[in-house]
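Enquirer: Numbering (my numbering), first residue to last: 677 to 938. Quick one: structure below, then a few questions.
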């Protein structure tokens, strides 16, 4: 594999510093970078090799960052509000773009990060030229809540909790509460991406596993309906980019090649 240049960045925000990392091939093309939005328990490190493989395959820069309270970014004490998915796009994405000199971009998000990618594109339609969601939720579904309740029981185990501590350190308890308490709150039951989806002006690719334990195939269908395509991977759960990275990257390659040549 050709060399990939990695760089670390610190993004200043009014509420704390955000950690970011970028991957780029030496012979960087002029295409827009891909910005990655992580899931509810995720961070830059939990993308594993996916950003590097994606940068190599696409020949373009890939950027990932830890949301405030996650990974290596600064801690926070307040739990996210019920509008946290839209707020991420509104408040933090512009800071990343400004400080890393990003003008136009492709938004790609896993799970709740997929919702953040959609909200980002809805707010910055002149700058976002494509959306890729991976195992994203478009609304609150009983399957999603059932999966979260099961995870809450799992993380009662010290061994399971220790796996998260490796990535979030002292912030781990907050990370779990931010996920579980927000999604299981009665007031969050009516959340959906419908308004943001209606405002999209760029092509969409929704990737989903047919065995996703946090959401049925209704999610990629709603995300892609009338605005793009969905790609269902067989025998795949909630992390297609880790379970089948080659297939996911090939789907992204084909999507970008098609959308940018139209």
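Virtual Cβ for every residue (Gly too), placed ideally from N, Cα, C. Note that the coordinates shown come from a computational prediction; the quantities given were computed from them, not determined experimentally.
#1: How many Å lie between residue 869 and residue 842 at the Cα?
#2: Alpha carbon to alpha carbon, how far is residue 729 from residue 920? Give it in angstroms, no decimals.
#3: Check the C-beta distance from residue 712 over to residue 740 and give it rounded, since I have them as a contact under 8 Å.
#4: Buried or exposed for residue 845, please, with buried defined as at least 16 other CB atoms from any protein chain shown within 10 angstroms of its CB.
#5: What is the residue span of the beta strand (DSSP E) that residue 744 lies within?
#6: Taking 7 Å as the cut-off, decide whether the C-beta atoms of residue 909 and residue 923 are in contact.
#7: Whole angstroms is fine: what's the gap from residue 761's alpha carbon to residue 792's?
#8: Per DSSP, what kind of secondary structure is residue 810 in: helix, strand or coil?
#9: Work out the CA separation of residue 852 and residue 915 for me, nearest whole Å.
#10: Which residue's Cα is closest to the Cα of residue 767: 796, 777, 749 and 718?
#11: With distances taken from CA atoms, which of 839, 737 and 717 is nearest residue 710?
Expert: With the structure as the only source:
#1: Within the chain shown, numbered from 1, the residue matching residue 869 stands at position 193. Within the chain shown, numbered from 1, the residue matching residue 842 stands at position 166. Going from the Cα of residue 869 to the Cα of residue 842 covers about 32 Å.
#2: Mapped onto the chain shown, residue 920 falls at position 244. Mapped onto the chain shown, residue 729 falls at position 53. About 12 Å.
#3: If you number the chain shown from 1, residue 712 lands on position 36. If you number the chain shown from 1, residue 740 lands on position 64. Rounded, the Cβ-Cβ distance is 4 Å, consistent with contact.
#4: Position 169 of the chain shown holds residue 845. Exposed is the call here.
#5: Here residue 744 refers to the residue found at position 68 of the chain shown. Run containing residue 744: none; DSSP gives neither H nor E here.
#6: Reading the chain shown from its first residue, position 233 is the one you call residue 909. Reading the chain shown from its first residue, position 247 is the one you call residue 923. Going by C-beta atoms, residue 909 is nearer than 7 Å to residue 923.
#7: Within the chain shown, the letter at position 85 stands for residue 761. Within the chain shown, the letter at position 116 stands for residue 792. Distance between the alpha carbons of residue 761 and residue 792 is about 5 Å.
#8: Walking along the chain shown from the start, residue 810 turns up at place 134. It is a strand residue.
#9: Reading the chain shown from its first residue, position 239 is the one you call residue 915. Reading the chain shown from its first residue, position 176 is the one you call residue 852. For residue 915 and residue 852, the distance between alpha carbons rounds to 18 Å.
#10: In the chain shown, counting from the first residue as 1, residue 767 sits at position 91. Considering only alpha carbons, the answer is 796.
#11: One-based indexing of the chain shown puts residue 710 at position 34. Checked all of 839, 737 and 717; the closest Cα to residue 710 is 737.
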